[in-house]
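Working notes for the structure below.
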Amino acid sequence: MALNFREYTPEDLEHLHELEIMILKDMITVLERNNIPYFAYGGTHIGAVRHEGFIPWDDDVDIVLFRDDYEKAIDVFNKELDPEKYEVLSPRLIDDCFYLFSMVSLKGTKYAFWYRDYVSYNVGIHIDFFALDNVPDSDFKCKIYYYKTRILNHLQTNAIIDMKHSKIHHLIHKILKIFPISNQKWKEYTYKAITKYNNQETKRVADAGEISGFFAFDRDGFKPAVKTKFENIEVAIPKSDKILVQLFGDYMQIPPEEDRYNSAPEVLDFGDY
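According to my numbering, the sequence shown is numbered sequentially starting from 6.
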C-alpha cells in the first residue's frame with residue numbers, strides 16, 4: 006500500500022535500512038566479482054566511520070566510483086543482478102532520466118517524489134551510485150568547470166521536468182521546450198563538459214553530476230580503499246579522512262537535533278518486502 010507522508014515512522018526507516026543493506030550487499034557482490042573498486046560516499050561514508058552503519062536519521066546509501074569503473078558498473082549490474090528483482094536506472098539507459106548519476110532500484114517497491122509525473126520509469130527503494138571525473142588543477146579553471154557543468158546540469162534537468170514550485174525553473178522549462186533539442190542531446194552536452202578533463206592527468210576529481218553541490222577531492226585520498234563495518238556487512242571507504250573533513254568538517258561531532266534531517270519521499274511502498 007502506498008503511503009503519502011513527509012516523515013518516516015521509526016518502523017518504516019528501520020525497514021528501509023534493511024532493504025537498502027540487501028541491495029547494497031548484492032551490488033558489492035557484483036562489483037567485487039568483477040574487480041571494480043567503489044567507495045562509500047557522503048552520509049554513507051560518515052555513517053560507516055562514526056556509527057559503523059547508518060547515521061540513525063539517514064535514509065539512503067550512496068557509493069561513488071571513478072568514471073571508467075562507474076561505466077563498467079552500469080554494464081555489470083545490468084548483466085549480473087537478478088532482472089526479476091532489480092532495475093538499473095541510468096541516464097545512459099533511459100531517455101528521460103534527468104539526473105546524471107545512476108541507481109539500482111528494487112522492483113515491486115516505490116520511492117517517489119513530486120517529479121514522478123514527468124518521467125516514464127518507476128523509482129523504487131534504491132542505492133545511488135555516482136561518478137568521479139577529473140577536474141583541472143588550476144583553481145581558476147576548476148571554477149569555470151564548476152559553473153559550466155552546473156549550468157548545463159540545471160538546463161538538462163529543466164528540459165525534462167517542470168519544477169512548477171519554482172518560478173525561475175518553471176520559466177526555464179517553458180523556454181527550453183521551444184527549442185527542438187532532445188533530452189539525449191542535452192545530456193550529451195552536459196556529459197561532454199563533465200568528462201572534459203578525463204583524458205588528462207589531474208590531481209583532483211569531483212562528482213560533478215550531483216546538482217546540489219560540488220567538491221574537488223584529492224585523487225590520492227581514495228585508493229587503496231579500506232574495508233570497514235557497516236551494519237551487518239562490510240563496505241569499502243576511501244583511505245583518507247580528508248574527504249570527510251571537506252564534506253563535514255569535524256565529522257565525528259554529532260550534529261544538533263535541528264540539523265538532523267532526511268528526504269522522506271511523497272510515496273513509499275515496500276511492496277512484498
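Beta carbons are placed, not taken as given, at the ideal position from N, Cα and C, and that holds for glycine.
Please classify GLY254 as buried or exposed, where buried requires at least 16 other C-beta atoms within 10 Å of its C-beta.
Counted from its first residue, the sequence shown places residue 254 at position 249. Result: exposed.
Distance check for LEU157 and THR195, CA to CA, integer angstroms please.
Within the sequence shown, the letter at position 190 stands for residue 195. Within the sequence shown, the letter at position 152 stands for residue 157. C-alpha of THR195 to C-alpha of LEU157: approximately 5 Å in a straight line.
Closest Cα partner of LYS283 within the set ASN139, ILE199, VAL140, ASN39
No information on residue 283 is available, as it lies outside the stretch 6 to 278 that the chain covers here.
Closer than 7 Å by C-beta to LEU86: which residues in its own chain qualify, once you throw out the five before and the five after it? Chain order, please.
One-based indexing of the sequence shown puts residue 86 at position 81. So the qualifying residues of the chain are ASP31, VAL35, VAL109.
Opening and closing residue of the alpha helix (DSSP H) in which ASN203 lies:
Counted from its first residue, the sequence shown places residue 203 at position 198. It is not in any alpha helix (DSSP H) - ASN203 carries neither H nor E in the DSSP assignment.
Length at least 4, wholly inside the segment 7-68: the alpha helix (DSSP H) runs in chain order:
15-38, 48-56
In whole angstroms, give me the CA-to-CA distance for ALA7 and TYR266.
Numbered from its first residue, the sequence shown carries residue 7 at position 2. Numbered from its first residue, the sequence shown carries residue 266 at position 261. With a pLDDT of 43 at ALA7, under the threshold of 50, the modelled position of that residue is not reliable, and the figure given next carries that caveat. The alpha-carbon atoms of ALA7 and TYR266 are separated by roughly 22 Å.
Terminal residues of the beta strand (DSSP E) in which LYS115 lies:
Taking the first residue of the sequence shown as position 1, residue 115 is located at position 110. Here the beta strand (DSSP E) through LYS115 covers 115-117.
I'd like to know whether the C-beta atoms of ILE26 and GLU236 end up nearer to each other than 7 Å.
Counted from its first residue, the sequence shown places residue 26 at position 21. Counted from its first residue, the sequence shown places residue 236 at position 231. For ILE26 and GLU236, yes; Cβs fall inside 7 Å.
Ignore the nearest five residues each way along the sequence and tell me which others in THR154's own chain have a CB closer than 6 Å to its CB.
Locating residue 154 in the sequence shown gives position 149, where the first residue counts as 1. Excluding residues within five positions, the ones whose Cβ falls inside 6 Å are ALA198, ILE199, ALA213.
Since PHE82 and VAL93 should fall inside the 8 Å C-beta cutoff, what is the C-beta to C-beta distance between them, to a whole number of angstroms?
Looking up residue 82 in the sequence shown gives position 77. Looking up residue 93 in the sequence shown gives position 88. Going by Cβ atoms, the distance from PHE82 to VAL93 rounds to 5 Å, so yes, they are a contact pair.
Whole beta strand (DSSP E) elements within the segment 72-132, 3-residue minimum
91-94, 107-111, 115-117
Of the residues ILE259, GLU239, THR162, LYS232, which one's Cα is nearest the Cα of ASP100?
Sequence index remark: in the sequence shown, residue 100 carries index 95 (1-based). Ranking the options by Cα distance to ASP100, first place goes to THR162.
Under three-state DSSP, which class holds ILE238?
Locating residue 238 in the sequence shown gives position 233, counting from the first residue. Three-state result, ILE238: strand.
Give the range of the beta strand (DSSP E) segment to which PHE222 is assigned.
Position 217 of the sequence shown, counted from the first residue, corresponds to residue 222. From DSSP, the beta strand (DSSP E) with PHE222 extends over 221-223.
Start and end residues, beta strand (DSSP E) containing ALA211
Counted from its first residue, the sequence shown places residue 211 at position 206. Unbroken beta strand (DSSP E) run through ALA211: 209-211.
Span of the beta strand (DSSP E) around ASP280
Residue coverage of the chain in this structure runs from 6 to 278, which leaves residue 280 outside it and unanswerable.
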